[in-house]
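Residue numbers -21 to -1, 1 to 614, in mature numbering (1 follows the signal peptide of the UniProt record, and there is no 0), belong to the letters of the sequence shown in order.
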Amino acid sequence: MQKKFYLLFFILNSFVSILNAHNSKDESPLNIHEQIISKLIESSVSFRDSSENRSVEICEKAINLAEKEQTDSLLAFAYKTQGINYYYLREYDLSMTYYNKALNKFEELGNLIQAAKVLGNIGVIYKRRGEYNKALEYYLREVDIFSEIEYTAGLTSIYLNLGNISVLMGNLDRAEEYYTLGYDLAVKTDNLTDQVSALNNLGVIYENQDKFEDALKVYKKSLKNVLGSGNNTMESKLYLNIGIIYRRTKDYDRASDYLNKSFNIRKLKGNYEELLSVYNELFELALAKEEYINAKRQLGPMQDLAETNHDPGWLADVYQANTKYCKAVGNYKLALESYENSRRIGDSIQKAFDDEKYNDLMLKYDMDHTKQKMELMTQKAQIQSLELDKKNAWLVAMFVIMLLGVIAIVVSFRINKLKAQHKLMSLDQKVLLSQMNPHFLFNALTAVQSLVLDNESDKANLYLSELGTLVRNILEDSREENISLRKELDTLHKYIELQKLRFDFAIDFRFDIDEKIDLDEVNIPPMLTQPFIENALVHANLQKVENPEILIKLELVDESVIAFSIQDNGIGIEEGRKQSLMKEKKSLAMQIARDRIQIYNYKSKHQMKLDIIDLKHIDKENHGTLARFTIPTQA
């Protein structure tokens, strides 16, 4: 139904455009067709983030119309757009086919800028495939064209790409040359973003070559550009890089200064991986200074963050760090245990990686093998048709057609299997949501039962009335895969009002929503935020703290990401474990929420990221828990 609606909307929109074109005395029928093709291309690009397959379908219509009307300029752009569409679908062979068609058209038209950009796109495909020599070849062709027509604006990013390719090929000297060229051009064009990228890449090269003075020089130059720009992420990264160099050169006081600056920024952001990076470097610094008590102090938060966020890679690193610490203090038994734990986790990660790599190789093998079979059978058919007389030729042709039909069925079966897996993920999402509803209703009905037993009939009636409204909203939202952030917040408000009636102590709920966020444009899976509120109410033990409160905060991190935070001032994760609260009251809702985020990330190229942090790890004077997940502004 939704697909029909979008198609009807597009047809009406195109029809209005045609009427407007007819009303204009200066526009010819050819211009009308050009407008329709342009609308189709624009629509294809707009659907790319929400429905990649629909984007391909719309662009195919643009190509067919452009070929029919022989509008070569728009046809070239349609070919390029379709190449990008298939790249997003990871259909690299089809993407390459359309890129080559676009390249030929742009060259015929003399549009060298677009022709060069298509060459760069082809280079990106070869880079993604690991064919670095071919990627380098296409990047250099792009450079030659831009240099010839003196298109300086396009050269900066190409030089940075050439530097990246050179690093992947192990040629650091050549990479340094390209990064330097990119930086010089970025300075000339006043492109601050590319200046910072080039300087940071140069710093990494110098650091790997143990040219620490050169690395410090470019990192500090980059930091000077970043300061005051509002890019806190890059600022904290540069503080960290500079701190690492000072540690490696044994300038421990300066190392401590820069690492703490990085930590002070990252503790406010709540990204557990960034926090772990700083904790790890603070541990290495303390170990280098032989401050073993301080080193041990860093290991605790590191392990908590890795375990809380279920990150086996970081957990293996924590065990490796603990091995170093135990060796340094002479506890070789614990050092051996930590080493074995680290190796065990590392082996499991490697096995998962090998399994994935094996599956990819098998898929490629099957596709190549099928292709070879088809080519071989075609060749055999040609040879046999030449050798056989006319009387037997049709039998051979029938045999070949049957074999090709079998192969086509096998290939079709594999494609349908992949589609079925994708559909199964959507069904899993709905099943998880359906599990949420009875879980929520069980808690709600338990609260009603409690009110009835306490002879609070008026309060129970009010509770049931509010519950009915909330359940109706939940049922309506559960039909949709995603709902607007405004609808999710409305449901959350109703849920909170219900909880205020349930608990016999006052909780201060506060909302802090960034005014720059368009709540109607951003979509998330329904009932995703409720488990985090429930977790704070049930597991934070708020009745035992003075002035209990829960802060719900939405902030725009950048144009593509919104951070959704739920923070309570309860006892926190670590204290909860000590009191065995976490063991006795396992949160089913939280596990379902994690699974739903994981399914969302599998289906979407824009990822959600969940961090759960004990506030004690950020500031020892604080207590409580911060649950923070990112929401992409585009699905």
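Don't be surprised by glycine CBs; every beta carbon is placed ideally from N, CA and C.
Being a predicted model, the structure only gives us computed values, none of them experimental.
query                                                                                                                                                                        : result
Using the Cα positions of M381 and T212, report the straight-line distance between them to the nearest angstrom.                                                             : 60 Å
Whose C-alpha, out of L464, V524, Q188 and L477, is nearest the C-alpha of I496?                                                                                             : L464
Taking contact to mean at least 3 C-beta pairs separated by less than 8 Å, is the stretch 162 to 169 in contact with the stretch 146 to 154?                                 : no
Any idea what DSSP makes of P291, helix, strand or coil?                                                                                                                     : helix
Which runs of the beta strand (DSSP E), 3 residues or longer, sit entirely within the stretch 440 to 501?                                                                    : 487 to 492
Could you give the DSSP three-state label for R322: helix, strand or coil?                                                                                                   : helix
Rounded to whole angstroms, what's the CA-CA distance from M75 to E156? Just pull it up for me.                                                                              : 29 Å
Below 8 Å, how does it come out for the stretch 467 to 485 and the stretch 582 to 596: are there three or more Cβ pairs, yes or no?                                          : no
Quick one: what's got a C-beta closer than 6 Å to L191's C-beta in the same chain, skipping five residues either side?                                                       : A quick correction: the sequence has Phe, not Leu, at residue 191. Only I224 and T228 meet the Cβ criterion.
The beta strand (DSSP E) that contains K599, what's its start and end?                                                                                                       : Counting along the chain, K599 falls outside any beta strand (DSSP E), and DSSP gives it neither H nor E.
Look up K532 in the DSSP assignment and give the residues it is bridged to.                                                                                                  : D491 and S544
With burial defined as no fewer than 16 other Cβ atoms inside 10 Å of the residue's Cβ, what is the status of L307: buried or exposed?                                       : Note on residue identity: the sequence assigns Ala, not Leu, to residue 307. It counts as exposed.
What separation, rounded to the nearest whole angstrom, lies between the Cα atoms of G384 and L178?                                                                          : 56 Å
Kindly indicate which residue of V431, Q509, Y442 and R481 has the alpha-carbon position closest to the one of K466.                                                         : Q509
What runs of the beta strand (DSSP E), each 3 residues or longer, lie entirely inside the stretch 148 to 184?                                                                : none
Compare the C-alpha of H596 against each of S23, N320, I552 and A572 and name the closest.                                                                                   : I552
Which residues mark the beginning and the end of the alpha helix (DSSP H) in which I15 is found?                                                                             : P8 to F26
Check the DSSP bridge columns for L605 and list the partner residues they point to.                                                                                          : Q546 and I592
Between Q282 and L261, which are expected to be in contact by the criterion C-beta below 8 Å, what is the C-beta distance as a whole number of angstroms?                    : The Cβ separation is near 14 Å, so there is no contact.
Do E116 and A95 come within 8 Å of each other at the CB atom, strictly closer than that value?                                                                               : no
Please return the same chain residues whose Cβ sits closer than 7 Å to the Cβ of I124, not counting the five positions on each side in sequence.                             : L91, A94 and A95
Leaving aside the five residues before and after K492 along the sequence, list all residues of the same chain whose C-beta is less than 7 Å from its C-beta, in chain order. : A quick correction: the sequence has Ile, not Lys, at residue 492. So the qualifying residues of the chain are L533.
Using the Cβ count rule (16 or more neighbours within 10 Å means buried), how would you classify S256?                                                                       : buried
From N210 to R451, what does the alpha carbon distance come to, in whole angstroms?                                                                                          : 43 Å
Terminal residues of the continuous alpha helix (DSSP H) containing P510?                                                                                                    : Q509 to H518
Using only alpha-carbon positions, find the residue among E253, W293, Y304 and K246 that is nearest to A267.                                                                 : Y304
Three or more C-beta pairs under 8 Å: does that hold for the stretch 241 to 256 against the stretch 283 to 290?                                                              : yes
Is I128 helix, strand or coil when you go by DSSP?                                                                                                                           : coil
Is D230 helix, strand or coil when you go by DSSP?                                                                                                                           : coil
For T135, which residues in the same chain have their Cβ closer than 7 Å to its Cβ, ignoring the five residues on either side in sequence?                                   : G161, L164, A165, T168, N170 and D173
Distance, Cα to Cα, T425 vs A439?                                                                                                                                            : 11 Å
Going by the beta-carbon positions, is the gap between T609 and V540 smaller than 8 Å?                                                                                       : yes
Among N239, E31 and E48, which has the Cα closest to the Cα of E70?                                                                                                          : E31
Check the C-beta distance from V23 over to T60 and give it rounded, since I have them as a contact under 8 Å.                                                                : The sequence as given places Ser at residue 23; Val does not occur at that position. The Cβ separation is near 6 Å, so the contact holds.
Can you give the Cα-Cα distance for Y298 and R245, rounded to whole angstroms?                                                                                               : 23 Å
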